Every structure is written in structure tokens, then in C-alpha cells.
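Single-structure report; data block below.
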Amino acid sequence: MLVILGPDGTKPGDDFIIGDRVYVGGTKAGVIAYLGETKFAAGDWAGVILDDLEGKNDGSVQGVRYFQCEPKRGVFAKPAKLSKHQINR
């Protein structure tokens with residue numbers, strides 16, 4: 036069977052739910068803590084609590100809290116940038 040993957044390694048139609056273990060950009064491991072729209076940008080976003088201190092926030096952006104985590108462990112990404120498997124680089 037041939038499976039075509041996007042540039043981030045995600046299969047078209049991959050569905051995510053809060054609590055899923057994912058890789059942001061194929062390399063940063065974490066767990067989804069938020070899925071939905073935000074006030075900082077249009078469209079749907081995933082808020083991820085990263086395993087390592089390589090994030091950008093603590094689950095809040097521009098004064099709006101979307102989820103709670105330690106500083107530098109939170110990051111937001113478009114769902115298309117998430118994958119359930121690490122991408123070797």
C-alpha cells in the first residue's frame with residue numbers, strides 16, 4: 036500500500052484530539068492541550084505542551100489563556116504542522 040505524506044510527515048486526514056502525543060514540525064515532542072480558534076490569528080490552531088523548554092509561551096498569547104503549562108513549554112501550531120510520528124532529519 037502506498038501512503039502519501041505531506042512535507043511534515045502527516046497523512047492527509049490525520050485527526051487529532053486533546054491529549055494526543057504529537058511532534059510539532061516533526062521534531063518537537065509534546066501533548067496537545069488545546070484545539071480550536073484563537074484571538075491571535077485566524078483559523079484552527081493546536082496548543083501543544085512540549086516535553087522540553089523550547090516553546091514560546093505558557094499557554095496564553097496576548098493576555099488570553101488557552102491552556103496552562105510551564106513558561107517556555109507552550110507552543111501553537113496549525114494542525115497541518117503536527118504529526119504523530121517523529122520525522123528524521
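Read in order, the letters of the sequence shown correspond to residues 36 to 124 in the working numbering. Where a beta carbon is used, it is the ideal one built from N, C-alpha and C, also for glycine. This one's a predicted model, so the numbers in the text were calculated from it and none came from an experiment.
8 angstroms or more divides the Cβ of Leu85 from the Cβ of Arg100.
In the DSSP assignment, Arg108 falls outside any beta strand (DSSP E), carrying neither H nor E. Apart from the 5 residues on each side of it in sequence, Phe75 sits with its Cβ closer than 7 angstroms to the Cβ of Val96, Gln97 in its chain, given in chain order. Nearest in C-alpha terms to Glu105, of all of Asn92, Lys63, Ala81, is Asn92. Here Ile67 is buried. Its C-beta has 16 or more other C-beta atoms within 10 Å.
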